[in-house]
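Residue numbers (my numbering): 132 to 348.
Yeah, the Cβ is synthetic: ideal placement off N, Cα and C, and Gly gets one too.
All figures in this text were calculated on a predicted structure; none of them were measured in a lab.
One structure is given here, and the rest of the page talks about it.
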């Protein structure tokens, strides 16, 4: 966290109450503040038994803990609640996959505003934006044959992301409007793999090593 602050980063995601306590402690030592986004724990739709689905489902605050975490941030002189975020797992083909969790998060934000006068400025739907380079990973026979022959050349077009973003934006504003949340919070997306999935070579730096894990820049 000291390295994070040295890098100028002050907006962080928290996954549990212990994170908030640690963030407050470090911010106090450094005489600064953290803006916090709370990770909500949702089961990955359609993949609770896959490794990624299981792992992503372990992380985050339960729905019942979010309000308490928001109140803790609001009562701190070193923390301020910026947003709520979640992660549904990889390759969410349809923006409709996000409708239900967005609705749940907006309900949490509405409760924080009405009951505690705490404003949520950002809702982050995490990653999962589909990457064209993942199309060949399906187990259908025709896809396996194409993959074996390497004949299904995948092309990347900004139009793919543009279309997904427009549909997701539409879903988001429909939910926000339906729940009467005004002004609407900012919608944030982490588009990671969909941007670099087609890279033949990824040039990066190893910033940290912990056991078998390497952390890139």
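I need the DSSP call for residue i, collapsed to helix, strand or coil.
i           : result
residue 142 : strand
residue 323 : helix
residue 329 : coil
residue 153 : helix
residue 173 : coil
residue 292 : helix
residue 260 : coil
residue 192 : strand
residue 219 : coil
residue 161 : helix
Could you please give the first and the last residue of the uninterrupted alpha helix (DSSP H) stretch that includes residue i?
i           : result
residue 235 : 230-247
residue 137 : 133-137
Using beta-carbon positions only, say whether residue i and residue j come within less than 7 Å of one another.
i           : j           : result
residue 213 : residue 144 : no
residue 250 : residue 242 : no
residue 318 : residue 303 : yes
residue 345 : residue 337 : yes
residue 262 : residue 324 : yes
residue 234 : residue 171 : no
residue 173 : residue 232 : yes
residue 203 : residue 151 : yes
residue 310 : residue 236 : no
residue 252 : residue 316 : yes
residue 192 : residue 169 : yes
residue 260 : residue 229 : no
For residue i, I'd like the list of residues in its chain whose CB is within less than 8 Å of its CB, leaving aside the five on either flank, ordered along the chain.
i           : result
residue 198 : 239, 242, 243, 246 and 247
residue 209 : 154, 155, 158, 159, 163, 164 and 165
residue 254 : 214, 215, 216, 233, 236, 237, 240, 303, 316, 317, 318 and 319
residue 161 : 133 and 136
The beta strand (DSSP E) that contains residue i, what's its start and end?
i           : result
residue 167 : 165-170
residue 343 : It is not in any beta strand (DSSP E) - residue 343 carries neither H nor E in the DSSP assignment.
residue 254 : 253-255
residue 214 : 210-216
To which residues of the same chain is residue i closer than 6 Å at the C-beta, ignoring the five residues directly before and after it?
i           : result
residue 177 : Residue placement at residue 177 is poorly supported in this model, since its pLDDT is 49, which falls under 50; the coordinates still yield a value, given next. Nothing meets the Cβ criterion.
residue 258 : 321 and 323
residue 347 : 335
residue 200 : 169 and 192
Excluding the five sequence neighbours on either side, which residues of its own chain have a C-beta within less than 7 Å of the C-beta of residue i, listed in chain order?
i           : result
residue 327 : 333
residue 339 : 346
residue 190 : 146, 170 and 172
residue 104 : Coverage of the chain is limited to positions 132 through 348, which leaves residue 104 absent and any answer about it impossible.
residue 205 : 212, 247 and 249
residue 312 : 237, 240 and 241
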